[in-house]
Structure formats: C-alpha cells, structure tokens
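A quick write-up on the structure given underneath.
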Amino acid sequence: MTSWRNFFRRRFATNPVTYASGIDARIINRELSWLDFNARVLAMASDTGIPLLERCRFISIFSSNLDEFFQIRVAALKGQVEGDVRTVTPDGRNPLQQLNEIRSIARQLVHHQEHVWLDELVPELARHAISTASWRDIDDAGRTYLRDIFESRVFPVLTPLAVDPAHPFPYISNLALSLAIVVRDPKSGEERFARVKMPQTFPRFFQLPDSLTFVSIEEVVSANLPRLFPGMEIVQCHAFRVTRNADLSVDDEDAEDLLVAIEMELRRRRFGKAVRLEVPEAMSADLVALLVEELELEPEDVVRQRTFIDLTAVNQLANLNIAALRHAPWPPLTAGRLLAVEDGERSIFSVIRERQLLVHHPHESFSSSVETFVQQAATDPQVQSIKMTLYRTTGDSAIAKHLIHAAELGKQVAVVLELKARFDEARNVTWAKELEYAGVHVTYGIVGLKTHSKCVLVVRNDPDKMRRYVHIGTGNYNSSTARLYEDIGFFTCEDEIGSDAAELFNFLTGYAQEPAYKVLLVAPRQLRDRIIALIDKEATFGDAGRVTIKINSISDPAVIEALYRASGAGAKIQLVVRGICCIRAGVPGMSENIEVRSILGRYLEHSRIYRFEHGLENDEPLHLIGSADMMGRNLDGRVEALAPLTHPKHRMWLDKVLGFLLDDTSTHFLLNSDNHWTRMGSMADSGDAQKKLHEWVVATQVR
95 MTSWRNFFRR RFATNPVTYA SGIDARIINR ELSWLDFNAR VLAMASDTGI
145 PLLERCRFIS IFSSNLDEFF QIRVAALKGQ VEGDVRTVTP DGRNPLQQLN
195 EIRSIARQLV HHQEHVWLDE LVPELARHAI STASWRDIDD AGRTYLRDIF
245 ESRVFPVLTP LAVDPAHPFP YISNLALSLA IVVRDPKSGE ERFARVKMPQ
295 TFPRFFQLPD SLTFVSIEEV VSANLPRLFP GMEIVQCHAF RVTRNADLSV
345 DDEDAEDLLV AIEMELRRRR FGKAVRLEVP EAMSADLVAL LVEELELEPE
395 DVVRQRTFID LTAVNQLANL NIAALRHAPW PPLTAGRLLA VEDGERSIFS
445 VIRERQLLVH HPHESFSSSV ETFVQQAATD PQVQSIKMTL YRTTGDSAIA
495 KHLIHAAELG KQVAVVLELK ARFDEARNVT WAKELEYAGV HVTYGIVGLK
545 THSKCVLVVR NDPDKMRRYV HIGTGNYNSS TARLYEDIGF FTCEDEIGSD
595 AAELFNFLTG YAQEPAYKVL LVAPRQLRDR IIALIDKEAT FGDAGRVTIK
645 INSISDPAVI EALYRASGAG AKIQLVVRGI CCIRAGVPGM SENIEVRSIL
695 GRYLEHSRIY RFEHGLENDE PLHLIGSADM MGRNLDGRVE ALAPLTHPKH
745 RMWLDKVLGF LLDDTSTHFL LNSDNHWTRM GSMADSGDAQ KKLHEWVVAT
795 QVR
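Heads up: the sequence shown is residues 95 to 797, going by my numbering.
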C-alpha cells in the first residue's frame, strides 16, 4: 500500500503554495483536479481489501477515463494553444501552462499504473494461474492452437497498408490498436513502413485451451507477419495507438436541422486531430519520429509504455467468472412498497397516490420501479400523456420501446432527447429517428443548452381528477448504468411538483420565457442563486450552520466562494465529491470548517444530494436531489432540476446515506489543506460504505 500513498504525497498532487505568480490559490485547477480523481481510481487497484479481479477492473477504468480526458479536455487545450488563446482559468493558468502540467502528470500516472499492473497485480494473478503471455512464452501446442485461429479467423480480415510513392500514409483511426511495421526487401535492401490495424471484432486476448493463459491479438498477428508480407524481412514490429479529438462542435443556433448537423459531426469526428501517441518503450526513435511527423504531433505528445498498449483491455480479465476473485453479487431488491406492483396486485400509480416513493439504485431495482412506471403509463388506458427527458440511453432501451408503444396506442408522447450527450450522440440519433417514426413528438431542448435534467411526467385521468405523476432522478434512464451507478429516484403526484414539471416541459418543448417554479430549483437561470442563498443562510447561524452536499463535481467559483464565506462564519461544510473538486479544504482563514472526502467503490457514486440544516423556510432541514453538479457547465449551460424531499422517511433515508459516507470508519479519500488527497483506511478494514448501505437497504425496504 505504500507505493500509491507515496505517489499521492510526492509525485502527484500540486501544492497550491508553489503555484506560479498570478495563480489564485483559492481555486484548484479543474483539469489537474480531474487527474487527481483518476489517481484515486488508480489507487483502488492497490487496495488489497478489494477482490483481485475487481482491482484489475480499476486499472481498466483508469485507462478508459484517461482516454476520454485526452479526447476532450486535452484536445480542447491543444486547440486553444494553436489558436494562441491566452485566457486564464479561475486558478490563473493559461492553456499552455495547463497543457504542460497535464502532460507531465499524465505521464507519471501512466508510469504508476504500469507499476501497479506489472509489480502488484500480475504477480497476484500468477498465484491464481492467470497470466498474459507473449508468443515466445507459450509452448508448441499453444502456438499451434493460435496459428489455427490466425489462419481461420484473423488473417482473412487483416489489411496490410504499406507506405510508398503510390500509397500515402494511411489514416489511423481514434483509439484503434495498430502495428507499425518496417519490412525489408531481401533482394534490393529497400525498407518500407506498413501499418496493420487490429480488427475490433475480436477480443483483445485469446485464451489458451484448458488454462487461464491469455495471448493478445497483436502478439498473434506479430508472430505470423510472414503470411502478410511473404518474402519480406520483418525489421521492426510494434503496437501503437493514436488518440484523436473526439468532441463535437455543433452550433445549434446556426443549425437548421440539429439532427442532420449531429450526424455530419459524427462523421467528421473520425477525422479529429491527433492529440496523443502511445508506443512501447522498445520502438525505435526513427519509427516514433515517423509517426509523430505523419500524425502532426509534437514529441511531448508521445507516451512510451513498458507494458502492452491500452490497458482498458484488462477488463477482459476482470470479467473472468471466478467467484473467489470477484465481488459477491448484490442482486437488486424490489422496494418494499412496490412488491404488490410486481405481484400484479396494485398499479404503481396507486402506490404513488398513497404516498410519495423513493428508490435507491442499484441497491433497489431500476426495472421494477422506473421501467415499470413508464411501462404501465404506456399501457394504462387512463393515462393521457407521457413527457420525458432522455440524456443517455442503451441500444435496446426498454423505456424507449415503451414510449413507442404508448404512441402507437394513441397516447400523447413527447420526448426531449439530448442529441449532444457526449459519446452517446450516435445512439441518441438512432432513437430520435425511431421515436419520431412511431409518432412520438421529439424535440432537442433549448438552443444553446443541454437538457440534463431527469424527469418523467405522466398525466392520468384518475376517478377524482386529472393527476400528474412525476419521476425525478439523479441518474440517466439507462438500464445498463443503473446496475453500476448509485442513484436516487423520486416519485410523486404532489400538485406543486406536478405543476412545476409541466412548466418545465412546456419551457423545453415550446417557446416562452422560463417560468418561476414553485418548488423545483432549475438551471440555468435560478439554480445557482438559490443554492448560494441557502449556503448564505447557513452562514447566518454561525457554528450551528450545516451544509452537507454529495455530488460528482464542484468547480463553480461563485458557489465555492459562498462555501468559503459560510466556513468563515463558523458553519460546518461537509462535501462528498466523487470527481472534480476545485474547492480547497481545511485552509486556516479560508476554509477551516470545510471537509471534503471522496468515496470510490463497487458502484459509481452518482447521486446528487444537498442538505441544508435550516432550509429556506421555518428553519427546518432542506433535502434536495436531482441531476445538477456545482459546475459552470451545469449551472449555465444545461437545464437541470433539483427537487425537495419533504416526507420524514425520505429525509431520514438521505440522512442515513450521508451518514454512511461521512462515517470516519468508512474507507475514503480525504482532501488536505495542501491539496493532497490521503487514503483513509482500506477495504480490508471492513470500511466499505457501500456495503454498509446495501446491508441497511436489505433490512429497510418499506418507504
């Protein structure tokens, strides 16, 4: 465990007191804070209290996170540098300063990842007879087996692309694994560069029969190159990978048809500028220089690695079905009040009409709650209309299919579908077309804003009146992520929330000024001011003031300054922040009453919970849940919604959740006053907050 602790202490975290002249030490840099977050992900791979294959999964997650960071954030910074943009961030750094620091820190992170993989996990895997082997390490029987696979399955789909006057340098697609090959004609002595792309239709590793030995596809292809270049001598052969700018630049104010514009940008995305080149340490300087020149990169963009390229592939090993090396399953429960719905004894609407309903995923089933809500709305003859926001979906989304069925039955169905949900654009375009074809009214929200709020509004003709049923959640309507992301869903038919939800959808689909909502806190025009007002009120209570917030990220300077003011007045601020955290904690004279911790584990902590001890009225605690983080993009560039939970049982539930996360016996990362994150405890110490919560949920079903 010493290695990652030293890594945090000595090599990674930036000490704010050593920032360059002009840097504002009140704010932590957003990009460097994200790298801090990914370092915490990497630290999980070293926690011996976590099952071995799950530790391997954190290695994969770290790589996947870093890929996205380079595709979006680093690509944007490189574009700003090339455009000679010198605007500084709230912490005082210009784009070039940020880019240089990112390159240095990311390189250190990758080297540490290699250390964790090679020196910690590989030996542990070997003790369980699990290994990744090179071609030279396997016996003749293994080679024969893999040659047969190569000849029958792999070879037919490979395409060697040579570079010569008649063949220009081939286009290298984003994140594709390739072989850089130098071949020599034995007769003329002439050498040529060639590239072979590894087919993505195969798994990264081939498993040898009757063993847990795995050989990568690039090893298999490299060993059989004479079949691709008959009669040639293989001078060099190395795997490499290119990362490209994958962000979409769509101006929906100028786009006559946003759907068409997104489709065009998706085609252009393939040709984004290269931003990173990953190569093995053994690749010659000449070959690296060739790739750098052809890809129009800089030497600083090259990352040399001493293990195989693209460690996201470790996820294939993490998925091995070896129970002793995996987390014991936690099957989702059906919330107690929904058991009668599951048995067909009641409708979900009668349950909500009786009293508001709270569900907590993935401890409690997404299918038996949210999907059932939409499914029953689609088929219930008393339901008149369904309105819904969709941000991220799955390719086989049951919810989208229920909406289509509802439209086919003649119900009024309206969907606000966010086409610009990053990396889900193509899937959302496909669903937009299918929904429209079925008669669903599909809109794409407000020009210049992303619709990120999670809301369903069902209008039902009940015997006593026309009633609005509302679901507001913290997570996407996505059944796949609902099994992995920790989220909260709230169902109600309260008149005020129903009225606000109707106003919200009218604002999203119609043409009007944003209304004044009765109880919902909605971005972009109201949310920041209301959150700051709540924080400022807690400050007036001095050391009796309390603000507790659980979010994914916090970077908004105005909100951070409000928290500093409250801290200065004596109020106690407790933040549970999974990802980006630009606020400083425990700094005398500025944030001595602010504590920030981060919790990572089996589930991705995704819910947003806001608790203010004295609320806005009656000085009673106020609990809010919803989709919004405290970032500029959420508060200014997105439609977000937070809803108050007023039922005593629901407020107790949220307090219990926060209690598990804030318990000092629970394993967590703590942000120190010098901006270093310290790991507090280990999963081996029985400090798993998520496990404690799950056990409590199992024992507490009726809400």
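All C-beta atoms, glycine included, are put in the ideal place defined by N, C-alpha and C.
Predicted model only: the values in this text are computed from it and were never measured.
Cβ-based neighbour list, residue i, same chain, cut-off 7 Å, excluding 5 preceding and 5 following
{"i": "ARG745", "result": "PRO715, HIS717, LEU739"}
{"i": "ASN687", "result": "SER661, GLY664, ALA665, LYS666, ILE667"}
{"i": "ARG561", "result": "ARG554, CYS587"}
{"i": "THR794", "result": "none"}
{"i": "VAL396", "result": "LEU371, VAL373, VAL382, VAL386"}
{"i": "ARG151", "result": "ASN409, ALA412"}
{"i": "ILE117", "result": "Bear in mind that a pLDDT of 47 at ILE117, under 50, signals an unreliable position, so the model cannot answer this."}
{"i": "THR603", "result": "ALA508, VAL510, THR537"}
With 16 other Cβ atoms within 10 Å as the buried cut-off, status of residue i
{"i": "GLU519", "result": "buried"}
{"i": "GLN450", "result": "buried"}
{"i": "HIS261", "result": "exposed"}
{"i": "LYS527", "result": "exposed"}
{"i": "SER198", "result": "exposed"}
{"i": "PRO145", "result": "buried"}
{"i": "GLY636", "result": "exposed"}
{"i": "TYR265", "result": "exposed"}
{"i": "ASP713", "result": "exposed"}
{"i": "ARG221", "result": "exposed"}
{"i": "LYS559", "result": "exposed"}
{"i": "ASN572", "result": "buried"}
{"i": "THR642", "result": "buried"}
{"i": "VAL541", "result": "exposed"}
{"i": "GLY569", "result": "buried"}
{"i": "LEU411", "result": "buried"}
{"i": "GLU810", "result": "In this structure the chain extends from 95 to 797, so residue 810 is not present and cannot be described."}
{"i": "ASN413", "result": "exposed"}
{"i": "ASP798", "result": "The chain is shown only over 95 to 797; residue 798 falls outside these bounds and no answer can be derived."}
{"i": "ARG672", "result": "buried"}
{"i": "LEU710", "result": "exposed"}
{"i": "GLY489", "result": "exposed"}
Nearest-angstrom Cβ-Cβ length linking residue i and residue j, presumed shorter than 8 Å
{"i": "TRP211", "j": "THR401", "result": "6 Å"}
{"i": "SER479", "j": "LYS505", "result": "6 Å"}
{"i": "ALA368", "j": "LEU389", "result": "4 Å"}
{"i": "LEU132", "j": "LEU203", "result": "The residue you asked about is not Leu; residue 132 is Asn in the sequence shown. About 7 Å separates the two Cβ atoms, so the contact holds."}
{"i": "THR226", "j": "SER310", "result": "7 Å"}
{"i": "ARG773", "j": "ALA137", "result": "6 Å"}
{"i": "THR337", "j": "ASP161", "result": "6 Å"}
{"i": "ALA543", "j": "LEU698", "result": "Here the sequence assigns Leu to residue 543, which means Ala is not the residue at that position. Contact flag wrong, Cβ pair sits at about 25 Å."}
{"i": "LEU503", "j": "MET482", "result": "So it is not a contact: roughly 16 Å between Cβ atoms."}
{"i": "ARG705", "j": "LEU748", "result": "7 Å"}
{"i": "ILE153", "j": "CYS676", "result": "That belief does not hold up - the Cβ atoms of ILE153 and CYS676 are roughly 27 Å apart, past 8 Å."}
Chain-order list of residues whose beta-carbon lies under 6 Å from that of residue i (same chain, five-residue window excluded)
{"i": "ILE566", "result": "CYS549, PHE584, ALA737"}
{"i": "GLN301", "result": "PHE308"}
{"i": "LYS785", "result": "none"}
{"i": "PRO847", "result": "Residue coverage of the chain in this structure runs from 95 to 797, which leaves residue 847 outside it and unanswerable."}
{"i": "SER115", "result": "Residue placement at SER115 is flagged as unreliable, the pLDDT there being 34, under the threshold of 50; the coordinate-derived value follows with that caveat. Counting only Cβ-Cβ distances below 6 Å, and skipping sequence neighbours, we find nothing."}
{"i": "ASP723", "result": "ILE645, ASN646, SER647"}
{"i": "SER316", "result": "CYS331"}
{"i": "LEU787", "result": "PHE754"}
{"i": "ARG678", "result": "SER685"}
{"i": "ARG624", "result": "LEU615"}
{"i": "LEU801", "result": "Nothing about residue 801 can be read from this structure; the chain reaches only from 95 to 797."}
{"i": "VAL564", "result": "LEU551, THR586, ILE591, GLY592, ALA595"}
Spatial neighbours of residue i in its chain, beta-carbon cut-off 8 Å, leaving aside the 5 residues before and after
{"i": "ALA778", "result": "ASP141, THR142, GLY143"}
{"i": "SER776", "result": "MET95, ASP141, THR142, GLY143, THR761"}
{"i": "VAL791", "result": "LEU427, HIS454, HIS457, GLU458"}
{"i": "GLU465", "result": "ALA492, ILE493, HIS496, SER573"}
{"i": "LEU756", "result": "THR642, GLN668, VAL670, ARG691"}
Quick test of the definition: if touching needs 3 or more C-beta pairs under 8 Å, does the region 537 to 551 touch the region 656 to 669? Taking a cut-off of 8 Å for Cβ pairs, the region 537 to 551 and the region 656 to 669 do not touch, as fewer than three such pairs fall below it.
With three or more C-beta pairs closer than 8 Å as the rule, is the region 399 to 416 touching the region 155 to 170? They touch, by the three-pair rule.
Ignoring anything shorter than 3 residues or poking outside the region 429 to 477, list the beta strand (DSSP E) runs there in chain order. Runs of the beta strand (DSSP E) spanning 3 or more residues and lying entirely within the region 429 to 477 occur at 451 to 455, in chain order.
For the region 312 to 331 against the region 265 to 281, do three or more pairs of beta-carbon atoms, one drawn from each stretch, fall closer than 8 Å, so that the two count as touching? Yes, they touch.
At what residue ranges does the region 156 to 181 contain a whole run of the alpha helix (DSSP H), taking only runs of 4 or more? Whole alpha helix (DSSP H) segments, 4+ residues: 169 to 176.
Assess contact between the region 469 to 476 and the region 753 to 772, defined as three or more Cβ pairs (one per stretch) separated by less than 8 Å. Is contact present? No, they do not touch.
Completely contained alpha helix (DSSP H) runs for the region 633 to 688, where each covers 4 or more residues: Every alpha helix (DSSP H) stretch that sits fully inside the region 633 to 688 and reaches 4 residues is listed by chain position as 651 to 662.
Any chance you could list the alpha helix (DSSP H) runs of at least 4 consecutive residues sitting entirely within the region 547 to 615, in chain order? Qualifying alpha helix (DSSP H) stretches, in chain order: 589 to 603.
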